[in-house]
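Residue numbers (UniProt numbering): 1 to 256.
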Amino acid sequence: MLRTLVLGLLAAVSLAVKAEEKPRDTRLYELRTYHAEPGKLDALLTRFRDHTCKLFEKHGMTNVGYWVPVENKDNLLVYVLSYPDRAARDAAWKGFLADEDWKKAAAASEVNGKLLSKIDELYLTSTDFSPGFPANDAGGAERLFELRTYTTTPGKLPNLHKRFSEHTMGLFKKHGMTNGAYFKPVPGQPAADDTLVYFLAHKDAAAAEKSWTEFRADPVWVAAKKASEDAAGGSLTVPDGVKSVFLKPVDFSALK
1 MLRTLVLGLL AAVSLAVKAE EKPRDTRLYE LRTYHAEPGK LDALLTRFRD HTCKLFEKHG
61 MTNVGYWVPV ENKDNLLVYV LSYPDRAARD AAWKGFLADE DWKKAAAASE VNGKLLSKID
121 ELYLTSTDFS PGFPANDAGG AERLFELRTY TTTPGKLPNL HKRFSEHTMG LFKKHGMTNG
181 AYFKPVPGQP AADDTLVYFL AHKDAAAAEK SWTEFRADPV WVAAKKASED AAGGSLTVPD
241 GVKSVFLKPV DFSALK
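Below, the structure is given as structure tokens:
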């Protein structure tokens, strides 16, 4: 009888754990960076606010988040869209670009010259350990986001993923950072096999500086970093292989 009770309890715990497991995110994400012509960033933001975002939704795209760099000397708009898959993405963009409302909005916005000089696109899928983009639990207060890109030494991306999932993310949380979405580039893109892209959220710039200072000095992090590099036979990232950009949400971003 005792054995039956124990087995029953174990089965109940197992079912509870499975019920709490987050379904794997299989969506395709697209990280897009728009380089606005000098003096045209405000006009670009107005076009997105008044027209583009609504037309994206009309054609089945999901507006995830829109940001501009805190130090925006290059007039950038950074945003993320999501789709069920690549076929859905291509169909959505085909419909969007053929939409007469889009053509009218684009023409009207460019009466005094084109708004963009360059567009960068990066296709991404979620890592197995990604918690997804962070909901705002700070009473609606606007947060500071951080977009980080790591380039690993050849073949070391699995080692980096392991370190993040087992150590880094927990230590980020310990030191007041909010883990966001963690991505790997879709195969076939430059450095796709050696790149990790992820987002963090901070209360503000002062909080970010404090969190990073404490994280880097944490003996648990120092030990985890050393152990991971010893196991891999050296650094997991190439020289200058960690890039960080601090971003602030624009007024029409759903994610703030």
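Backbone N, C-alpha and C define an ideal beta-carbon position, used for all residues, glycine too.
In this text the structure is predicted, and so the values were computed from the model without any measurement.
Close beta carbons around residue i, own chain, < 7 Å, minus the five adjacent residues each side
i: Lys156; result: Ala232 and Leu236
i: Gly8; result: Residue placement at Gly8 cannot be trusted, given a pLDDT of 45 that sits under 50; what the coordinates show is reported in the next sentence. If we look at Gly8 and ignore the five residues flanking it on each side, it has no Cβ neighbours.
i: Arg27; result: Ser82, Tyr83 and Pro84
Residue i: CB within 7 Å of a non-hydrogen atom of the ligand GDP
i: Ala43; result: Of ligands this structure carries none, so the ligand GDP is not represented either.
Residue(s) in a DSSP beta bridge with residue i
i: Arg148; result: Tyr198 and Ser244
i: Glu229; result: Glu229 is not bridged to any residue.
i: Glu30; result: Leu81 and Tyr123
i: Phe183; result: Ser126 and Val197
i: Pro249; result: Trp67
i: Thr178; result: Ala201
Cβ distance (whole Å) where residue i is taken to contact residue j below 8 Å
i: Ala207; j: Gly176; result: 6 Å
i: Phe145; j: Ala201; result: 5 Å
i: Val245; j: Pro69; result: 6 Å
For residue i, three-class secondary structure by DSSP
i: Asp120; result: strand
i: His161; result: helix
i: Thr168; result: helix
i: Ala192; result: helix
i: His35; result: strand
i: Gly65; result: strand
i: Thr153; result: coil
i: Val238; result: strand
i: Leu45; result: helix
i: Leu76; result: strand
i: Asp218; result: coil
i: Gly132; result: coil
i: Lys114; result: coil
i: His59; result: coil
i: Ala254; result: coil
Own chain partners of residue i with C-beta closer than 6 Å, once the 5 adjacent residues on each side are dropped
i: Lys243; result: Thr149
i: Ala141; result: none
i: Tyr79; result: Arg32 and Tyr66
i: Asn179; result: Pro131, Met169 and Phe172
Same chain, Cβ closer than 8 Å to residue i, five either side skipped, listed in chain order
i: Asn72; result: Leu41
i: Gly113; result: Glu37 and Lys40
With a threshold of 8 Å, are at least 3 pairs of Cβ atoms found where one atom belongs to the segment 106-121 and the other to the segment 29-41? The answer is yes - the segment 29-41 touches the segment 106-121, with three or more Cβ pairs under 8 Å.
Report yes or no: do three or more beta-carbon pairs, one from the segment 142-156 and one from the segment 191-206, lie closer than 8 Å? Flag = yes, the segment 142-156 and the segment 191-206 touch.
Report yes or no: do the segment 163-175 and the segment 97-117 share at least 3 C-beta pairs separated by less than 8 Å? no
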